[in-house]
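Residue numbers (this note's numbering), protein chains in the order written: chain A, 3 to 304; chain B, 41 to 395; chain C, 34 to 296.
For every residue, glycine included, the Cβ atom is placed at its ideal position computed from N, Cα and C.
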């Protein structure tokens with residue numbers, strides 16, 4: 003299941019045939035620790051869960067666990083997880099793209115770019131529990147922005163139905179690391195857009211809009227989509243921020259799985275495996291979509 | 041001048057305090073191939089970009105076909121341009137690249153396809169329409185870029201160092217191809233290059249530029265044989281410069297080392313005793329006597345370089361040194377370093393350089 | 034042109050507002066502990082807390098071991114693949130991307146099931162074993178970043194040519210690795226190390242599910258029970274992340290520049 007999620011590797015050169023001489027295994031000594039480690043602590047544990055998802059207590063093959071995922075509380079958890087991940091990935095990608103274009107092509111002074119890149123490096127790694135604290139201090143019931151809006155403008159954002167412990171609250175919080183991650187990844191792609199392409203298009207009579215529609219968007223689309231998938235997976239598996247922000251009041255899949263691991267709240271260990279399998283399946287599926295798309299545009303990618 | 045097809049009138053351009061182009065005037069006739077030649081930073085690319093509309097001149101005007109285009113955007117000027125780095129759109133096939141200008145102009149599909157096929161034939165890549173740019177060699181990419189620029193039938197073709205990124209051999213064959221296509225289509229063309237051989241070989245006229253100014257405008261023959269300034273003489277071709285002292289201005293007599301040379305024309309604005317620079321092309325000098333070579337200087341051979349078809353010999357003349365070219369001949373071995381040599385030339389080939 | 038610049042400035046300003054308001058708010062909130070005036074009381078309380086010191090110390094120690102483990106696994110593999118087995122590169126790159134796809138909570142769930150007390154490899158039977166498993170888990174999480182950093186470092190120095198040059202000069206393998214390769218990729222390795230540190234120091238999921246007394250679960254615990262201290266901790270955590278990234282930036286200035294590689 004997991005081997006469908008390569009993003010960059012499908013365009014790597016094919017194995018070099020002449021290099022495949024049969025040699026003594028000393029050749030493999032350098033890479034052996036890596037492969038043993040990956041097998042034992044990455045691939046086998048995942049495979050164990052995936053297999054477990056299709057077994058019952060007696061070790062027989064069954065689809066019951068997967069079928070059991072369709073109970074309303076679990077479906078609801080998947081649904082809200084997907085919603086938060088999709089929303090934060092797409093909004094984060096668009097905002098990050100806008101910032102990247104602004105700092106690369108916007109004619110801003112050089113320090114803006116370097117400051118933005120540095121800050122993005124920091125903010126994309128500022129996640130987890132502390133991020134939740136920061137947003138509680140900002141938009142919680144006693145947060146600075148909440149209080150200021152109320153005392154200066156007499157506007158109580160909580161009266162509009164907003165809640166930091168809700169879907170939009172979580173999405174807004176996730177954007178804090180999603181946007182910078184997008185900036186870090188997509189800026190090199192924007193750099194790759196050559197100025198001459200725009201000039202060539204202009205001399206050929208194209209308007210700015212035509213140039214964007216026919217050249218810029220098709221050219222950055224694969225990197226954009228790849229990053230959206232990465233952002234999606236990034237949000238989909240995240241638990242610490244949500245857990246610290248909402249406790250267990252927001253029912254997203256990682257929090258449900260967390261509770262299941264701690265206390266078997268679903269009263270069925272194999273259902274826990276199925277829950278984990280479902281998570282891998284969804285991030286895997288997102289990657290299949292990406293690879294499928296990439297193969298379509300592969301024709302012009304080297 | 042005023043009825044030329046492309047008129048660049050008193051164009052100036054400044055970047056902040058630095059002047060990049062100063063008072064540039066040029067008229068290019070319809071169907072003419074004009075090169076801007078000069079070292080990097082001389083302003084040649086800036087003038088080209090002003091014609092294309094990517095830069096706005098701080099003063100002056102650009103007229104194309106009698107129409108003032110100074111304030112038009114690049115996409116309204118109907119100009120074809122080829123860039124140094126090909127600048128093909130990577131996501132489009134060769135045919136789509138060539139058809140780009142037709143598509144944005146809303147040309148009907150059948151007509152556009154026919155035009156693309158015609159352009160593919162002209163650049164001799166008829167089978168390549170379905171390929172992507174990365175599948176082509178540099179020379180092929182640049183031919184496609186040329187076809188793309190020509191497909192919408194522009195009024196003017198601008199070539200911005202189109203050959204600089206290519207291998208030496210491809211460079212020569214492609215420049216000949218560009219010239220023949222240009223002649224066939226009769227399109228008015230401005231070509232920017234820093235390579236004098238390129239400019240000399242394909243242009244109707246050359247504008248030698250330096251420091252944001254046109255140093256000289258003329259045919260390749262005029263530029264090479266009658267350079268107007270010292271810069272042009274030095275930049276175009278290899279040049280020997282001899283320092284001499286005027287002995288008799290009215291008779292055109294100059295002393296170079298031990299010998300006295302009589303120039304063909306009187307030196308009207310020089311006084312006796314003044315120092316003077318005389319320039320001579322290597323190919324105008326011979327080691328033996330030749331008909332017409334009426335002057336000579338003697339010295340010692342200090343270096344011999346075998347360049348294949350040509351042997352370049354350096355002769356030390358005391359204060360001056362001179363390089364000359366002789367053709368390789370399999371029967372005669374080249375002279376040796378340290379030999380005495382007498383160099384002969386025609387006094388009429390000497391260029392008196394303005395100091 | 035002017036309109037484009039205005040648009041760029043507006044975008045930049047909106048981004049700046051979104052990213053700085055929470056920081057300012059957190060800082061302000063963290064100083065509100067004493068009624069009526071701003072003070073650093075919350076920081077004093079936090080830094081004076083024994084559990085803070087213990088869990089932070091534990092996490093620092095775990096980070097260091099994680100970095101060592103990561104280096105031991107990644108550097109030889111990346112070097113060997115650049116040098117001798119380029120055909121393995123797609124496989125290795127694919128594996129190093131997996132931790133970005135498989136959520137950490139799934140990986141640690143797998144560990145708990147596979148390496149329990151009754152399994153053939155009972156990591157979880159002892160506290161030391163669990164510590165080791167936590168370190169292993171963190172090394173897995175850091176794998177994509179560590180591998181990328183080291184591989185980029187190796188690419189810029191062109192290991193193959195350097196190794197061949199050293200061999201021609203008569204150097205043995207030990208000399209080559211110790212004297213040529215390591216010093217040249219040290220900067221890259223350190224960059225990977227500080228990134229690893231930034232990721233691992235406040236990690237919550239794995240430490241919590243393996244029941245280790247790490248900084249992440251401590252943060253969560255404080256957040257659930259106190260008012261102003263979490264904000265102070267958030268500021269401290271942000272400062273740590275900032276510090277790690279700054280070190281990486283500074284290090285990159287010392288990195289060997291690609292001298293003869295068109296790459």
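- Take residue 112 of chain C, set aside five residues on each side of it, and the residues of its chain with a beta-carbon closer than 7 Å to its own are 187, 192 and 214, in chain order.
- Interface criterion not met: the Cβ of residue 229 of chain A is under 8 Å from no Cβ in chain B.
- Within chain A, 32 have C-beta atoms less than 9 Å from the C-beta of residue 112 of chain C, given in sequence order.
- Less than 8 Å divides the Cβ of residue 231 of chain B from the Cβ of residue 75 of chain B.
- Counting along the chain, residue 219 of chain B sits inside the alpha helix (DSSP H) bounded by residues 208-225.
- Secondary structure note for residue 106 of chain B: it is in no beta strand (DSSP E), with a DSSP letter that is neither H nor E.
- Shown here for residue 322 of chain B: same chain residues with a beta carbon closer than 6 Å to its own, the five before and five after excluded, namely 278, 363, 364 and 365 in chain order.
- Between residue 146 of chain C and residue 146 of chain A, the gap from beta carbon to beta carbon reaches 8 Å or more.
- In chain order, 156 place their CB closer than 7 Å to the CB of residue 165 of chain C, counting only its own chain and leaving out the 5 sequence neighbours on each side.
- CA-to-CA, the gap between residue 182 of chain C and residue 173 of chain C works out to about 15 Å.
- Leaving aside the five residues that flank residue 300 of chain B on each side, the residues in its chain whose CB is nearer than 8 Å to its CB run, in chain order, 287, 293 and 294.
- Under the three-state reduction of DSSP, residue 341 of chain B is assigned to strand.
- Residue 66 of chain B: member of the beta strand (DSSP E) spanning 58-68, first to last residue.
- Around the beta carbon of residue 231 of chain C, a 10 Å sphere encloses 16 or more other beta carbons of the protein chains shown; the residue is thus reported as buried.
- Its chain contains 167 as the residues whose beta carbon lies nearer than 6 Å to that of residue 248 of chain A, once the 5 sequence neighbours on both sides are disregarded; these appear in chain order.
- Interface residue (Cβ-Cβ distance to chain A less than 8 Å): residue 259 of chain C is not classified as such.
- Collapsing the DSSP output to three states places residue 122 of chain C in a helix.
- At least one C-beta of chain A is nearer than 8 Å to the C-beta of residue 119 of chain B.
- Separation of residue 209 of chain A and residue 140 of chain B (C-alpha to C-alpha, rounded to the nearest whole angstrom) is 12 Å.
- Cβ proximity to chain B below 9 Å picks out 210, 212, 213, 216, 217, 220 and 221 from the segment 210-221 of chain A.
- For residue 48 of chain A, the nearest beta carbon of chain C is closer than 8 Å to its own beta carbon.
- Taking a contact as a CB-CB distance under 8 Å, the pair residue 79 of chain A and residue 253 of chain A counts as one, their CB atoms being some 5 Å apart.
- Judged by DSSP in its simplified three-state form, residue 143 of chain B adopts helix.
- The residues 209, in chain order, have a CB closer than 8 Å to that of residue 200 of chain C in the same chain once the five nearest residues on each side in sequence are set aside.
- Residue contact check for residue 69 of chain A against chain B: no CB pair falls below 8 Å.
- Residues of chain A with a Cβ closer than 8 Å to the Cβ of residue 38 of chain C are, in chain order, 108, 109 and 110.
- From the listed residues A:37, A:82, A:120 and A:271, the smallest Cα separation to residue 275 of chain C is found for A:120.
- Residue 144 of chain B reaches chain A at 203, 206, 207, 208, 209, 212, 213 and 216, counting residues in chain order whose Cβ is nearer than 9 Å.
- With 16 or more other Cβ atoms inside 10 Å of its own Cβ, residue 194 of chain B counts as buried.
- Below the 7 Å Cβ cutoff, chain A contributes 130, 131 and 132 as neighbours of residue 235 of chain C, in chain order.
- Contact residues of the segment 214-236 of chain C toward chain A are 228, 231, 232, 235 and 236 (C-beta to C-beta distance below 9 Å).
- Think of a sphere of 7 Å around the beta carbon of residue 94 of chain B: the chain A residues whose beta carbon falls inside it are 201, in chain order.
- Taking 8 Å as the threshold, the shortest C-beta distance from residue 179 of chain C to chain A does not fall below it.
- In this structure, the beta-carbon distance from residue 83 of chain B to residue 60 of chain B falls below 8 Å.
- Here DSSP, grouped into helix, strand and coil, assigns residue 64 of chain C to coil.
- Around the Cβ of residue 216 of chain C, a 10 Å sphere holds fewer than 16 other Cβ atoms; the residue is exposed.
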